[in-house]
Amino acid sequence: MILVLDRKVTQNQKDKIKNILSEQGCITREMTDAGRNIIGVIGKTKISPDEFKQMQGIYDAVPIETSYKLVSRNFKSEDTKVKIGNVVVGADRIVVIAGPCAVESHTQAMTIAKQVKKYGAVLFRGGAYKPRSSPYSFQGLEEEGLKILADVREQTGLGVVTEMTSVSQVDLMMKYVDVVQIGARNMQNFELLKCVGRIDKPVLLKRGLASTIQEWLMSAEYIMAGGYNNVMLCERGIRTFEPYTRNTLDLCAIPVLKKLTHLPIIIDPSHATGIREKVSPMARAAIAAGADALMIEVHNNPDKALSDGPQSLYPEVLIP
Ligand code: PEP
Ligand code: MN
Numbered sequence: 164m165i166l167v168l169d170r171k172v173t174q175n176q177k178d179k180i181k182n183i184l185s186e187q188g189c190i191t192r193e194m195t196d197a198g199r200n201i202i203g204v205i206g207k208t209k210i211s212p213d214e215f216k217q218m219q220g221i222y223d224a225v226p227i228e229t230s231y232k233l234v235s236r237n238f239k240s241e242d243t244k245v246k247i248g249n250v251v252v253g254a255d256r257i258v259v260i261a262g263p264c265a266v267e268s269h270t271q272a273m274t275i276a277k278q279v280k281k282y283g284a285v286l287f288r289g290g291a292y293k294p295r296s297s298p299y300s301f302q303g304l305e306e307e308g309l310k311i312l313a314d315v316r317e318q319t320g321l322g323v324v325t326e327m328t329s330v331s332q333v334d335l336m337m338k339y340v341d342v343v344q345i346g347a348r349n350m351q352n353f354e355l356l357k358c359v360g361r362i363d364k365p366v367l368l369k370r371g372l373a374s375t376i377q378e379w380l381m382s383a384e385y386i387m388a389g390g391y392n393n394v395m396l397c398e399r400g401i402r403t404f405e406p407y408t409r410n411t412l413d414l415c416a417i418p419v420l421k422k423l424t425h426l427p428i429i430i431d432p433s434h435a436t437g438i439r440e441k442v443s444p445m446a447r448a449a450i451a452a453g454a455d456a457l458m459i460e461v462h463n464n465p466d467k468a469l470s471d472g473p474q475s476l477y478p479e480v481l482i483p
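According to the numbering used here, the sequence shown is numbered sequentially starting from 164.
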């Protein structure tokens, strides 16, 4: 439920409304949206919209029918802009996040970071904890990788994005990185989602391999229900019957999400296609469809990459 407040509402009236709702077990969020002062109500209340409208200080009461509330466009009509240092995702400029699938060494990460910066990337990505399908594949440099990322930030000024695979990594993430990525395989790891909702770090939430848009939004809701608003959604391809590409990039998700949610949308054409030469056309298509940002895997020596070499661009191809 959204309670639109009277322009002349008093603090006393607002406190009274919030107290009544909290006694009924509801969570309330006070915010402004499109010039309106509102209280968002999450949870079941026995009070009907008509009864709310009779209360002092309330101008209107609008029920939200969807199972996700805080992420919903009905709840907040203005686009959310996520600030990462001086980079803003969800504003006028297309943000390019680029870097290797995994941080492999200090030299590798630093070399790629300097190159992607030169070619227009404003954030650097690189996994330190890699959720690999096989336990025998390279699992990442772990804390050592995070330290390398922190040094990349120090030396290049690029904010760094990395994946968190377990709640036990939360303190390390707070210490070393700028954006926490929740990977496709963990999109419904609810303890992980609740955990990142409690910390003060922008979150990049990837879509699960076989998740619906509704499930994805519910996962974003988990993070926001924890009180954290800076969530970005990243479409990275879904699993379909088509084996030619690694996944199928669901570009329809962009206009669908733009209607349903105020959160910014990032497209990852690298994992979506799995094929280097298909990355640029899908990146362009994503921008045409309204994406706010791109996340692209780049490697200086893709043939020797410890993960995802075949889909990694050469740095100079990054911005054609
Ligand atoms: C990645 O970004 O390298 C990654 C593992 O992505 P996803 O979770 O989309 O597979
Ligand atoms: Mn990868």
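Virtual Cβ for every residue (Gly too), placed ideally from N, Cα, C.
Three-state secondary structure (DSSP) at G253?
G253: coil per DSSP, three-state reduction.
Would you mind stating whether I417 and G390 have Cβ atoms separated by less than 8 Å?
no
Should K441 be counted as a contact of the ligand PEP given a C-beta to heavy atom distance under 7 Å?
no
Given this structure, state the Cα-to-Cα distance separating E186 from E326, to the nearest angstrom.
38 Å
Distance check for R192 and S240, CA to CA, integer angstroms please.
15 Å
Counting by C-beta, which residues lie closer than 5 Å to a heavy atom of the ligand MN, in chain order?
C264, D471
Since R199 sits in a beta bridge, which residues does DSSP pair it with?
Within the DSSP bridge table, the entry for R199 names D196 as partners.
Suppose only complete runs of 3+ residues qualify. What are the beta strand (DSSP E) ranges in the stretch 404-441, listed by chain order?
428-430
Can you find a heavy atom of the ligand PEP that lies under 7 Å from the Cβ of E241?
no
Give the C-beta separation of E398 and D431 to the nearest angstrom, bearing in mind that I take them to be a contact with Cβ-Cβ under 8 Å.
7 Å
Please determine whether the Cβ atom of A416 lies at a distance below 7 Å from any heavy atom of the ligand PEP.
Incorrect: A416 has no Cβ contact closer than 7 Å to the ligand PEP.
For the candidate residues Q318, E306, A448, whose alpha-carbon lies nearest to that of S329?
E306
For chain D, check one thing: does any of its Cβ atoms lie closer than 8 Å to the Cβ of K177?
Among the chains of the structure shown, chain D does not appear; only one protein chain is present.
Note the first and the last residue of the continuous alpha helix (DSSP H) segment covering R361.
353-361
Thinking C-beta only, is V259 closer than 8 Å to N393?
no
Can you round the beta-carbon distance between A388 and L184 to whole angstroms, since I take them to be within the 8 Å contact cut?
Actually they do not touch by this definition, with Cβ atoms about 15 Å apart.
Does DSSP put G248 in a helix, a strand or coil?
coil
Measure the beta-carbon distance from I428 to L396 and round it to whole angstroms, keeping in mind my assumption that it falls under 8 Å.
Right, their Cβ atoms sit about 5 Å apart.
Apply the 10 Å Cβ neighbour rule to T403 and answer buried if 16 or more other Cβ atoms are within range, or exposed otherwise.
exposed
Tell me the DSSP bridge mates of E398?
Paired residues: I430.
Can you list, in chain order, the residues of its chain with a C-beta nearer than 7 Å to that of M218? Leave out the 5 residues immediately preceding and following it.
I180
Measuring CA to CA, which of N237, Q174, D341 is closest to G203?
For G203, the closest of N237, Q174, D341 by C-alpha to C-alpha distance is N237.
Could you check how far apart the C-beta atoms of I210 and L166 are, in whole angstroms? I think they sit under 8 Å.
Wrong, their Cβ atoms sit about 10 Å apart, outside the cutoff.
Is it buried or exposed, D213, if we count other Cβ atoms within 10 angstroms and call 16 or more buried?
exposed
May I ask you to check if the CB of R348 is nearer than 7 Å to at least one heavy atom of the ligand PEP?
yes
The beta strand (DSSP E) with M458 in it runs from where to where?
Run containing M458: 456-460, per the beta strand (DSSP E) assignment.
Count the other CB atoms, across all protein chains shown, that sit within 10 Å of the CB of T375; report buried if there are 16 or more and exposed otherwise.
Within 10 angstroms of the beta-carbon of T375 lie fewer than 16 other beta-carbons, which makes it exposed.
Tell whether a beta-carbon distance below 8 Å holds between D341 and G360.
no
Taking DSSP as the reference, what is the three-state secondary structure of T191?
strand
Using DSSP's beta-bridge definition, name the partner residues of T325.
V343
With a threshold of 7 Å, establish whether the CB of D431 neighbours any heavy atom of the ligand PEP.
The answer is yes for D431.
Locate the beta strand (DSSP E) running through A224, then write down its first and last residues.
221-225
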